[in-house]
Amino acid sequence: MNILVILVINLLWAENPSSNARSVSLHQTDQVIWNESRWQDFIDGEIDPSLYVSRRAQLEPDSGCVEFFARFDVDNNGYYDLGCADDSGPAPRYLRLYKGYSFGYRPESLLVYPIPSAGNIDLADLNLDGWPELIHSGWSTGYVTIYWGTPNGPSAIDTTILPYQGYSEAVSVYDLDHDTYLDIIIGSSIGRIYIYWGSSSGYSQANRTDVNVQYSAGHNIEIADFDKDGWGDITVALWTHNQNPVIYWGPNRQPREIVWLPFFYNNAHGVTVGDFNRDGWLDIVYQGYDAVQTSYIYFGSPSGFSTTNRTQINPGKCYGGSAAVDWNYDGWLDLIYLRGNWYGGGTWKPRVYINTRSQPYFTDANSYELGDKEFNASGGFVADFNFDGNLDIFINNLLLDSSYILWGPNYTDKTGLPVHYDHHGVWREPGNIYDRSFSAYYYSSVFDVGPDSIIGSGVISWIAYEPPETEVHIALRAGDTPTPDSTWTNFYFATNGNYLPIQVRGYRYLQYRATLEYWRPCYLPHLEKITIQVHPVVAYDVGVTQIIAPVGVVDSGQVITPTAIVENFGNRACNFPVTFKIGTNYTATRYKYLNVGQSDTVMFSTWIASPCGTYLVKCSTALVGDNNPVNDFQIDSVRVQGQLLDVAVLDIWAPIGTVDSGSVSIPVAVVRNYSATAVNFPVTLRIGSNYSRTRFKQLAINQSDTVGFQPWLAEPVGTHLVKCTTGLGGDMNPANDFRIDSVCVIAPAYDVEVSQILAPTGVVDSGAVVIPVARVRNHSQNVLTFPVLFTIGQEYSHRRNKTLNPFGSDTVGFLAWTASHYGTHLVKCSTELVGDVNPSNDRKIDSVRVREIIDAATIAILSPIGYVDSGAQVFPIARIANYSTSFQSIPVRFSIGTNYLANRTKSLGPGVSDTVRFPVWTAEHFGTYLVKCSTALFGDSNPSNDSRIDSVIVREYNDAAAIAILAPTGIVDSGMVVTPVARIANYSTQPKDIPVIFTIGSNYCETRTKFLNSNVIDTVHFPSWTAIQLGNHLVKCSTALLGDSNPTNDLVTDSVTV
């Protein structure tokens, strides 16, 4: 253990200018100490859902601590311990805790606890002695058992029993009432949730609350703060109702509200919680077993949960529930479903669903199975057990076998841990409940330096337990409002025993954030004490918030009272000078008294606006010791003008650019009045030497408008100057009185072009039907209709007329062309406009090559696929097709694993498919084999369909047969003693111990086990039978080989007459 105790050194901040810190004037007051070490100090903070405030006093005497409540390592050796529980099987039954070590997990490395029934397990240090307790739900026992922790692991004899009614496999630990003691929450099959409240005296029935949810709630519980009100809320899977409750908790140990989320009746079983869409709100995953093969993911939001905000996927029967982990390390939580179905319900592989990182976040298409072994999962636990950087999976296996660790990254390496029908184990996942990261946060309450002070300097220290590979970081932020908001600083990290970060200087309020980080969840840090010594200073801060006058534009000779607004931002009333300057010839100063937070105007001696021009306007405060000089001044400007007369031409709209000779245009210009009064003024527009027109225009102050003139006939051909001029008498700004442009008069021109041949070009397949298409363009200013000719080789020619608007472009389609002759063909498109002035762009030429289609495909592998018994002889068969345009002889290759390869050639006409049969294959060795069939047609233009891949599993063939009854048969004398004899055979592919049952009438039945090698026939002798009862008796002999693939030959019958 690393225990760090810091001696606090009382030091003041050096004056160190920083762009991120307020300037502080050292009007020093008394030292203020903020100390948090008791649970009463920590309890008013905002705490991460994976933390709680406890009364631990491990490193210092005050009873108070911020720590994790979940535990994963009962003996504190740094490795996960794995729990499982016998549900049935040979007596006695045990709860088994397999202990982790550096060498991994071994069947003999475990703690065992005799139990009458199975159920879930949670781990927590309930009594704060440093050794985790094991809390077991008990399933059908009617009570939860606490096994109290010791240095060697939870004790099997030091226990506490917590009764409940009904069955329960759901148990969870959480501090629901914020009293610093961990509570134990139990779900029951009779529709109740039992809460045993933690206390200084432990747990008792007298200190228990029952919450009635009406329906069977014994399967799975999750607790988290879904609505972010600071209280842990409860959700549970109900296996006899078609809705699941979310129980929103509140103060006074009472539920505040119960909301019901639709799910499936019979049988909901699992619950998982995490922030799967990363919106900052916790989401809930429900799944089940039996008739339930669908999983719902309800997404949380500020308004809660809704059926309109959920995703539905179909992982199958999931008696083992699900786990949320960042499987592919992309920062988004994924889901692993542990599939199973109670007793005899089948076996499945675990299935992982990868988060798509956008709605709907999970789909069946984005999922896959893991490993090579199937299980009947009743629970599971996902973590990096050997700390190699790969997630591993522990599966509680509800079979008379073992539970298994699947080792990443391939999940085919596995370790079996013996158990009899494992019915749940440790269910809680390591990591932050939001994203499973190995960190958690605690936000303190806000510390007030005082109503007349701000932070001048200070020192911070803390006491934290930091075992190997853990850290506790402290960061601080500050502001001037009692509740943190956007005006507060960011958080800045502090150093233990050192100065406060410089960025929090100059503020009244202070808050710290503790980040508890770990890299191995078996080692968990905690915070026991934090001390902040603050040296406050008086806050002086006044500033100018606005210059009211003079600003903008004023008339020459105007008398103005300069005015500004100032405000006292500090925490002391003060009297301070305010100075106002205009240009270089006006300066005035006034004193202003303001209370804390007061704002007011300051008016100065009058100023006469003279002479004309633009002047800088500045108002500034000059309080001695102002802590924040940034807001001490405001700057603006004022322009002094005479009685302004100014009109301007802004633009000439027409005629400009190019126009056709003989066209008629309306000349238009845009003018504006900048004068200080409305004016009526002449506007003249000239075009070349033959056009000049004048119009008068009336405009209000700052008004703009168009001016239209008499029509102009575009002639003669050539370029003409266009000029518009205003003629306002006394205009003070003649620079903007005119605009000049030009217009070019041209003779009309006709020009169309073929800009592109779109089809056919490149390569097309023989027999393809193509619509020839080209793009044409009209470069003229007139609407034109013109013929377009399209030819392909010597055999295709088609003409179409096309109409285009001025400067328009469009495609032209022609009659369909069939690509019937192999080879390359010239493709040509031409326009045929009479009078086209630019024949160079009238034609485009391209080419098209018609090719023969060569394409052979493997359609399907027909055999062998699926399961084949060892020793079976199978003809490999595949179906292929000839998609070519001609008859083809197609080479075909078939392979199975690495030891079978055969080739055939199949001749097929165009468009024909058929099967191909290959030499026989003998299924000799057990295992899974890749099956592949491929075509290898030379010149194949589509290799993507040449191959098909499948697989075949060669399984062991089990078959024992009863062949004949050798004795007794026929007639025997009364009293005769006969040795029953039968002949049996082992047709299996492996040697077998074969149980054989022999019966005579109703009074003789004996069983023997016979060992036979593969394909061996032998006799079996049974204990003697005495022929006593007269009459005819049925004689039967049958084999009882487990997993017999051919039960039809298991029985042979005969008769004997006494």
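Add 109 to a position in the sequence shown, counting from 1, and you land on the number used in the numbering used here.
Backbone N, C-alpha and C fix where the C-beta goes; we use that ideal spot for every residue, glycine too.
Alpha-carbon to alpha-carbon, Ile-367 and Arg-419: Position 310 of the sequence shown holds residue 419. Position 258 of the sequence shown holds residue 367. So the alpha carbons of these two residues sit roughly 19 Å apart.
By Cβ distance below 7 Å, which residues in the same chain neighbour Gly-1152 in space, the five residues on each side in sequence not counted? Along the sequence shown, one-based indexing puts residue 1152 at 1043. The residues are Asn-1067.
Compute the Euclidean distance between the alpha carbons of Gln-890 and Asn-947, then round it to the nearest angstrom. Position 781 of the sequence shown, counting from 1, holds the residue named residue 890. Position 838 of the sequence shown, counting from 1, holds the residue named residue 947. Approximately 14 Å between the Cα atoms of the pair.
Report back the beta-carbon spacing between Asp-196 and Leu-391 to the nearest angstrom; my notes put them in contact at under 8 Å. Here residue 196 refers to the residue found at position 87 when the sequence shown is read from its first residue. Here residue 391 refers to the residue found at position 282 when the sequence shown is read from its first residue. At roughly 31 Å, the Cβ-Cβ gap does not stay under 8 Å, so Asp-196 and Leu-391 are not in contact.
From the DSSP secondary-structure annotation, give me the bridge partner or partners of Leu-1181. Nothing in the structure corresponds to residue 1181, since the chain is present only between 110 and 1167.
Residues in its own chain within less than 8 Å of Gly-932 by CB, not counting five upstream and five downstream? Locating residue 932 in the sequence shown gives position 823, counting from the first residue. Contacts found: Arg-958, Val-959.
Taking 8 Å as the limit between beta carbons, can you name the residues of its chain near Asn-1051, skipping five residues before and five after? Counting from 1 along the sequence shown, the entry for residue 1051 is found at position 942. Asp-964, Ala-966, Tyr-992.
Quick check on the burial criterion: 16 or more other C-beta atoms within 10 angstroms. Buried or exposed for Val-114? One-based indexing of the sequence shown puts residue 114 at position 5. Per-residue confidence for Val-114 stands at a pLDDT of 28, beneath the threshold of 50, marking its modelled position as unreliable; the derived number appears in the next sentence. Flag for Val-114 reads exposed.
Could you check if Asp-945 is buried or exposed, using at least 16 other CB atoms within 10 Å of its CB as the buried criterion? Here residue 945 is taken as the residue at index 836 of the sequence shown, counted from 1. Asp-945 comes out buried.
The beta strand (DSSP E) enclosing Trp-143, as first and last residue numbers: One-based indexing of the sequence shown puts residue 143 at position 34. Unbroken beta strand (DSSP E) run through Trp-143: 141-145.
Buried versus exposed, by CB contacts within 10 Å (16 or more), Trp-628: Residue numbering aside, residue 628 sits at position 519 when the sequence shown is read from its first letter. Exposed, since its Cβ has fewer than 16 Cβ neighbours within 10 Å.
When the distance is taken between beta carbons, is Val-779 closer than 8 Å to Asp-840? On the sequence shown, position 731 is the one that residue 840 refers to. On the sequence shown, position 670 is the one that residue 779 refers to. Contact flag unset, no.
Does DSSP classify Asn-1155 as helix, strand or coil? Along the sequence shown, one-based indexing puts residue 1155 at 1046. Asn-1155 falls in the coil class under three-state DSSP.
Roughly how many whole angstroms lie between the Cα atoms of Ser-308 and Gln-314? Within the sequence shown, numbered from 1, the residue matching residue 308 stands at position 199. Within the sequence shown, numbered from 1, the residue matching residue 314 stands at position 205. C-alpha separation (whole angstroms): 12 Å.
Near Val-662, which residues of its chain fall below 7 Å by C-beta distance, leaving aside the five closest residues on each side in sequence? Taking the sequence shown and counting its residues from 1, the one referred to as residue 662 is at position 553. Cβ within range, chain order: Arg-748, Gln-750.
Just reading off the alpha helix (DSSP H) that Phe-689 is part of, what are its end residues? Residue numbering aside, residue 689 sits at position 580 when the sequence shown is read from its first letter. Taken as a continuous stretch (DSSP letters only), Phe-689 belongs to no alpha helix (DSSP H), being part of the beta strand (DSSP E) at 683-691.
Would DSSP call Gln-352 helix, strand or coil? On the sequence shown, position 243 is the one that residue 352 refers to. Note: Gln-352 maps to strand in three-state DSSP.
Contact belief for Phe-181 with Pro-610 at Cβ below 8 Å, rounded distance in angstroms: Numbered from 1 along the sequence shown, position 72 holds the residue referred to as residue 181. Numbered from 1 along the sequence shown, position 501 holds the residue referred to as residue 610. So it is not a contact: roughly 35 Å between Cβ atoms.
I'd like the span of the alpha helix (DSSP H) that includes Phe-151, first residue to last. Taking the first residue of the sequence shown as 1, we reach residue 151 at position 42. Its alpha helix (DSSP H) spans residues 148-151.
Alpha carbon to alpha carbon, how far is His-533 from Phe-178? Give it in angstroms, no decimals. Here residue 178 is taken as the residue at index 69 of the sequence shown, counted from 1. Here residue 533 is taken as the residue at index 424 of the sequence shown, counted from 1. Going from the Cα of Phe-178 to the Cα of His-533 covers about 21 Å.
I'd like to confirm the pairing. Which residues does DSSP put opposite Gln-98 in its beta bridges? With the chain covering 110 to 1167 only, the question about residue 98 has no answer from this structure.
What is the DSSP secondary structure of Gln-642, reduced to helix, strand or coil? Counting from one through the sequence shown, the residue named residue 642 turns up at place 533. Looking at Gln-642 - three-state DSSP - the assignment turns out to be strand.
What number of angstroms, rounded off, separates the C-alpha of Ile-1072 from the C-alpha of Thr-1128? Position 963 of the sequence shown holds residue 1072. Position 1019 of the sequence shown holds residue 1128. Cα to Cα, the separation comes out at about 10 Å.
Spatial neighbours of Cys-721 within its chain, please: CB distance less than 7 Å, with the 5 preceding and 5 following residues excluded, ordered by chain position. The residue labelled residue 721 in the question sits at position 612 within the sequence shown. Only Ser-665, Val-749, Gln-750, Gly-751 meet the Cβ criterion.
Using the C-alpha atoms, what's the distance from Tyr-632 back to Leu-442? Taking the sequence shown and counting its residues from 1, one reaches residue 442 at position 333. Taking the sequence shown and counting its residues from 1, one reaches residue 632 at position 523. The alpha-carbon atoms of Leu-442 and Tyr-632 are separated by roughly 23 Å.
Any idea if Cys-1114 is buried or exposed, counting beta-carbon neighbours within 10 angstroms, 16 or more meaning buried? Position 1005 of the sequence shown, counting from 1, holds the residue named residue 1114. So Cys-1114 counts as exposed.
So, are the CB atoms of Ser-570 and Asn-605 less than 8 Å apart? Taking the sequence shown and counting its residues from 1, one reaches residue 570 at position 461. Taking the sequence shown and counting its residues from 1, one reaches residue 605 at position 496. Closer than 8 Å, so yes.
Are the stretch 239-255 and the stretch 207-219 touching by the rule of at least three beta carbon pairs closer than 8 Å? no
Report the residue from Val-878, Pro-764, Pro-843 whose alpha carbon sits nearest the alpha carbon of Thr-828. Counting from one through the sequence shown, the residue named residue 828 turns up at place 719. Closest option to Thr-828, Cα to Cα, is Pro-764.
Extract the residue ranges of the beta strand (DSSP E) inside the stretch 758-815, only unbroken runs of 3 or more that lie entirely within it. 766-769, 777-782, 788-796, 800-808
Residue burial classification, Asn-599 (beta-carbon count within 10 angstroms, cutoff 16): Position 490 of the sequence shown, counted from the first residue, corresponds to residue 599. Asn-599 is exposed by the Cβ-count criterion.
Can you tell me the Cα-Cα spacing of Leu-121 and Gln-140, whole angstroms? Taking the first residue of the sequence shown as position 1, residue 121 is located at position 12. Taking the first residue of the sequence shown as position 1, residue 140 is located at position 31. Any reading at Leu-121 must be qualified, since the residue scores a pLDDT of 31, below 50, and its modelled position is unreliable; no value is offered.
Of the residues Gly-389, Ile-502, Asn-485, which one's Cα is nearest the Cα of Leu-444? Counting from 1 along the sequence shown, the entry for residue 444 is found at position 335. Ranking Gly-389, Ile-502, Asn-485 by Cα distance to Leu-444 puts Ile-502 first.
Give every residue of the same chain whose Cβ lies closer than 6 Å to the Cβ of Tyr-724, excluding the five residues on either side of it in the sequence, and list them in chain order. In the sequence shown, residue 724 corresponds to position 615, counting from 1. Correct list, in chain order: Ile-691, Gly-692, Val-747.
Counting C-beta neighbours from all protein chains within 10 Å, is the total for Gly-771 16 or more, i.e. buried, or is it exposed? Position 662 of the sequence shown holds residue 771. Exposed, by the Cβ-count rule.
Which residue wins for smallest C-alpha separation from Ala-1136, given the options Thr-1166, Tyr-462, Ile-1126? Position 1027 of the sequence shown holds residue 1136. Ala-1136 has its Cα closest to that of Thr-1166, out of Thr-1166, Tyr-462, Ile-1126.
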